[in-house]
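Peer 1: This is the structure I have questions about; it appears just below.
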Amino acid sequence: MSRAAAVLIACALAAQAAEFDGGRALAYARRAVEFGPRPPGSPALVELRRYIVSELQGLNCQVELDRFTAATPRGPIEMANIIASFPGASGKSVVVSGHYDTKLMPGIRFVGANDGGSSTGFLLELARVLAARRHAHTVILVWFDGEEAIEHWSRTDSLYGSRHLAARWERESMLRRIVALINVDMIGDRSLGIQKEHFAAPWLRDLVWDTARSLGHSRHFLSEVSATEDDHLPFLEKGVPALNLIDFRYPDERNSYWHTEQDTLDKLSPRSFQVVGEVILETLRRLSTR
Numbered sequence: 366m367s368r369a370a371a372v373l374i375a376c377a378l379a380a381q382a383a384e385f386d387g388g389r390a391l392a393y394a395r396r397a398v399e400f401g402p403r404p405p406g407s408p409a410l411v412e413l414r415r416y417i418v419s420e421l422q423g424l425n426c427q428v429e430l431d432r433f434t435a436a437t438p439r440g441p442i443e444m445a446n447i448i449a450s451f452p453g454a455s456g457k458s459v460v461v462s463g464h465y466d467t468k469l470m471p472g473i474r475f476v477g478a479n480d481g482g483s484s485t486g487f488l489l490e491l492a493r494v495l496a497a498r499r500h501a502h503t504v505i506l507v508w509f510d511g512e513e514a515i516e517h518w519s520r521t522d523s524l525y526g527s528r529h530l531a532a533r534w535e536r537e538s539m540l541r542r543i544v545a546l547i548n549v550d551m552i553g554d555r556s557l558g559i560q561k562e563h564f565a566a567p568w569l570r571d572l573v574w575d576t577a578r579s580l581g582h583s584r585h586f587l588s589e590v591s592a593t594e595d596d597h598l599p600f601l602e603k604g605v606p607a608l609n610l611i612d613f614r615y616p617d618e619r620n621s622y623w624h625t626e627q628d629t630l631d632k633l634s635p636r637s638f639q640v641v642g643e644v645i646l647e648t649l650r651r652l653s654t655r
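Residue numbers (our numbering): 366 to 655.
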């Protein structure tokens, strides 16, 4: 083999490695689900955290465990966000986030394949792709702990990890450098249909929906508008342009799999991961000029 041919093959393999693979994302989600129920403070979530960090440490990124103690209705719980940074040169950042915990559901074995598992797997596959690319802005991936309520959803019993990190980054003057934050949640189901998010920064929502249309994914990015409280809200409230991508009709208008034993791996599709991955990667490219 000539040197030129070897270089061409190496370049082709590198390009292939830098493409998002929905099958890989689903495999990562499957690995997360294998740890079982993963509520905040549980041994299973600690083991999943170790797994995520071990996967990230093999990539070209900076990894941080953002540890904190959350005051919950069941007393203090030790939590930790996982932060992976892929450096850019602009001095600005774009954040893509999701949660990796599952809801504490006494009496049932809730493994959260879509609700917690899909965002975990999606971000791991996105990390693999980002590690092989160059970036204008620093891209920061965040796995939030404590998205779910410990008992009943309220402003103080939910979004523990995102509320903590938004406050910390505000103290550190980090928020002003964030161009946009995109949060993903429940994006792996077979009947993927993401509604426009009411709370989102309008220009960012339009950018993502325009990107989906240009890629031929409009049937998964719907024109209907919904309002869902999620990990993007603490950042929106502090002035960061943010957006939540969620299919909260899982699998139907009644959201009948949500927070039930029916939220299992057989309900997920690699195609759904693929669609969201392609849209987010192209959105990141378009954000690089802002």
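Note that the Cβ used here is the ideal one computed from N, Cα and C, for glycine as well.
(1) Per DSSP, which residues does A445 bridge with? Please list them.
(2) By the three-class DSSP mapping on this structure, what secondary structure does G463 have?
(3) When DSSP labels each residue in this structure, what does T503 get in the three-state scheme?
(4) Determine the direct distance from the alpha carbon of A436 to that of G406, and round the result to whole angstroms.
(5) Keeping to the same chain, check which residues put their C-beta closer than 7 Å to that of W534; ignore five residues upstream and five downstream.
(6) Using the Cβ count rule (16 or more neighbours within 10 Å means buried), how would you classify A592?
(7) Going by beta carbon distance, what residues of the same chain come within less than 7 Å of L572, once the five residues before and after it are set aside?
(8) Note down the Cα distance separating N479 from G642, rounded to an integer number of angstroms.
(9) Under 8 Å by Cβ, that's how I've got V674 and G453 pegged, so tell me the actual separation to the nearest angstrom.
(10) What three-state label does DSSP hand S338 in the structure shown?
(11) Report the three-state DSSP secondary structure of T629 (helix, strand or coil).
(12) List in chain order: all unbroken beta strand (DSSP E) runs of 3+ residues lying wholly within the segment 558-613.
(13) From what residue to what residue does the beta strand (DSSP E) around I473 run?
(14) Considering just the uninterrupted stretch of the alpha helix (DSSP H) at A671, what are its terminal residues?
(15) Relative to the C-alpha of Q422, which candidate in S450, D617 and F509 has its C-alpha closest?
(16) To the nearest angstrom, how far is the alpha carbon of H500 from that of L530?
(17) Please classify N446 as buried or exposed, where buried requires at least 16 other C-beta atoms within 10 Å of its C-beta.
(18) Roughly how many whole angstroms lie between the Cα atoms of A496 and S458?
(19) Could you check which residue in T467, N425 and R389 has the C-alpha nearest to that of R414?
Peer 2: Inspection of the coordinates gives the following:
(1) Here residue 445 refers to the residue found at position 80 when the sequence shown is read from its first residue. Among the bridge pairs identified by DSSP, A445 is matched with R432.
(2) To locate residue 463, count along the sequence shown from 1; it is residue 98. Look at G463 here: in three-state DSSP terms it is strand.
(3) Indexing the sequence shown from 1 puts residue 503 at position 138. Under the three-state reduction of DSSP output, T503 falls in the strand class.
(4) Looking up residue 406 in the sequence shown gives position 41. Looking up residue 436 in the sequence shown gives position 71. One Cα belongs to G406, the other to A436, and the distance between them is close to 12 Å.
(5) Taking the first residue of the sequence shown as 1, we reach residue 534 at position 169. Correct list, in chain order: L540.
(6) By one-based count along the sequence shown, residue 592 stands at place 227. With a threshold of 16 other beta carbon atoms within 10 Å, A592 falls short and is exposed.
(7) Within the sequence shown, residue 572 is the residue found at index 207, counting from 1. Non-local beta-carbon contacts of L572 in its own chain, meaning distances under 7 Å to residues more than five positions away in sequence, involve T648 and R651 in chain order.
(8) One-based indexing of the sequence shown puts residue 479 at position 114. One-based indexing of the sequence shown puts residue 642 at position 277. The C-alpha of G642 is placed about 15 Å away from the C-alpha of N479.
(9) Any question about residue 674 goes unanswered here, given that the chain covers just 366 to 655.
(10) There is simply no residue 338 to check, as the chain begins at 366 and stops at 655 in what is shown.
(11) Here the question's residue 629 lines up with position 264 in the sequence shown. Assignment of T629 by DSSP, reduced to helix, strand and coil, places it in the coil class.
(12) Counting only runs of 3 or more, we get 559-562, 586-591 and 607-611.
(13) Residue numbering aside, residue 473 sits at position 108 when the sequence shown is read from its first letter. Unbroken run through I473: none, as it is neither H nor E.
(14) Nothing can be reported for residue 671, as the shown portion of the chain is limited to 366 through 655.
(15) Taking the sequence shown and counting its residues from 1, the one referred to as residue 422 is at position 57. Answer by Cα proximity: S450.
(16) If you number the sequence shown from 1, residue 500 lands on position 135. If you number the sequence shown from 1, residue 530 lands on position 165. Distance from the CA atom of H500 to the CA atom of L530, rounded to whole angstroms, is 23 Å.
(17) Numbered from its first residue, the sequence shown carries residue 446 at position 81. Counting C-beta atoms within 10 angstroms of its own C-beta, N446 has 16 or more neighbours from the protein chains shown and is therefore classed as buried.
(18) In the sequence shown, residue 496 corresponds to position 131, counting from 1. In the sequence shown, residue 458 corresponds to position 93, counting from 1. A direct Cα-to-Cα measurement between A496 and S458 gives close to 15 Å.
(19) For the purposes of this step, residue 414 is taken as the residue at position 49 of the sequence shown. It is T467 whose Cα lies nearest to the Cα of R414.
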